[in-house]
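*Asks:* Under the UniProt record's numbering, the first residue of the sequence shown is numbered 1, with each subsequent residue one higher. Note that CB positions come from ideal geometry on N, CA and C, so glycine has one too. Quick caveat, the model's predicted, so the values are computed rather than measured.
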Amino acid sequence: MTGTERRDKIIERIRSSKTPVSGSALAECCEVSRQVIVQDIALIRAAGYDIISTHRGYILNAPHTVNRTFKVRHTDERMEEELCSIVDLGGCVVNVIVNHRVYGRMKAELGIRSRRNVMEFLQGIQSGKSSPLKNITSDYHYHMVEADCEKTLDMIEETLREKEFLVETRG
1 MTGTERRDKI
11 IERIRSSKTP
21 VSGSALAECC
31 EVSRQVIVQD
41 IALIRAAGYD
51 IISTHRGYIL
61 NAPHTVNRTF
71 KVRHTDERME
81 EELCSIVDLG
91 GCVVNVIVNH
101 RVYGRMKAEL
111 GIRSRRNVME
121 FLQGIQSGKS
131 SPLKNITSDY
141 HYHMVEADCE
151 KTLDMIEETL
161 REKEFLVETR
171 G
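#1: DSSP on THR69, reduced to helix/strand/coil?
#2: So for ARG7, helix, strand or coil by DSSP?
#3: Could you tell me which of SER17, MET79, SER127, VAL102 sits nearest to ILE112, measuring between CA atoms?
#4: Is ARG7 buried or exposed, if buried means 16 or more other CB atoms sit within 10 Å of its CB?
#5: Based on the DSSP secondary-structure assignment, which residues constitute the bridge partners of LYS107?
#6: Output the distance between the C-alpha atoms of THR4 and VAL72, rounded to the nearest integer angstrom.
#7: Buried or exposed, going by whether 16 or more other CB atoms sit within 10 Å of the CB of GLU168?
#8: Pick from GLY128, MET155, GLY124, GLU109: whose alpha carbon is nearest that of residue 173?
#9: Could you tell me whether the Cβ atoms of VAL87 and SER114 are closer together than 7 Å?
#10: Excluding the 5 residues flanking ILE52 on each side, which residues of the same chain have their C-beta closer than 8 Å to its C-beta?
#11: For GLU146, does the three-state DSSP call read helix, strand or coil?
#12: So GLY23 and ILE44 are supposed to be a Cβ contact under 8 Å. How far apart are they, rounded?
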């Protein structure tokens, strides 16, 4: 794991935790010393993240965000277009959810917030490590998308509709 990958993992671990994450826990999960974590936290702060140290561990002072869940459908060939449409407008694809008729609800955390993340995700799929969850539900799936404001989510929704990814639900 490179230093950049480790710092991305640290940010994601702190961001996804509901409680402070200790330096020891981060060191163990990244298989490095606590001192390396302290140095990484300094670099993460220098990159603009507001990481707060408490006596119980690190927390991320994240800006306020809103989220919306979209029901979408597309082929494997259009997966990149769908994900880039979301991140290019400032959204983060938090997860993917499918409702399987036998196994029930299945969810996977994604955290895709940039084109780089999209490419890394697609490389993982294309390497044969796994296949998209949508493939077990005739391409139907849900994405929880996070953004800075409702206006951004509205733009994402409209783009998904225009590109015919959005599945209109009766309500």
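*Replies:* Put simply:
#1: Locating residue 69 in the sequence shown gives position 69, counting from the first residue. Strand.
#2: Your numbering for residue 7 matches position 7 in the sequence shown. If DSSP states are grouped into helix, strand and coil, ARG7 belongs with the helices.
#3: Against the sequence shown, residue 112 aligns to sequence position 112. Of the candidates SER17, MET79, SER127, VAL102, the one whose C-alpha sits nearest the C-alpha of ILE112 is MET79.
#4: Here residue 7 corresponds to residue number 7 of the sequence shown, with the count starting at 1. Buried, by the Cβ-count rule.
#5: Locating residue 107 in the sequence shown gives position 107, counting from the first residue. DSSP lists ILE97 as partners of LYS107.
#6: The sequence position of residue 4 within the sequence shown is 4, counting from 1. The sequence position of residue 72 within the sequence shown is 72, counting from 1. Using only the alpha carbons, I get a separation of about 32 Å.
#7: Within the sequence shown, residue 168 is the residue found at index 168, counting from 1. Counting Cβ neighbours within 10 Å, GLU168 comes out exposed, since fewer than 16 surround it.
#8: Only positions 1 to 171 of the chain appear in the structure, and residue 173 is not among them; the question remains open.
#9: As a first step, residue 87 must be located in the sequence shown, where it is residue number 87. As a first step, residue 114 must be located in the sequence shown, where it is residue number 114. For VAL87 and SER114, yes; Cβs fall inside 7 Å.
#10: Along the sequence shown, read from residue 1 onward, the residue named residue 52 stands at position 52. Around ILE52: TYR58, ILE59, LEU60, ASN61.
#11: For the purposes of this step, residue 146 is identified with residue 146 of the sequence shown, where counting begins at 1. Residue state, collapsed to three classes: strand.
#12: Your numbering for residue 23 matches position 23 in the sequence shown. Your numbering for residue 44 matches position 44 in the sequence shown. Not confirmed; about 13 Å, so no contact.
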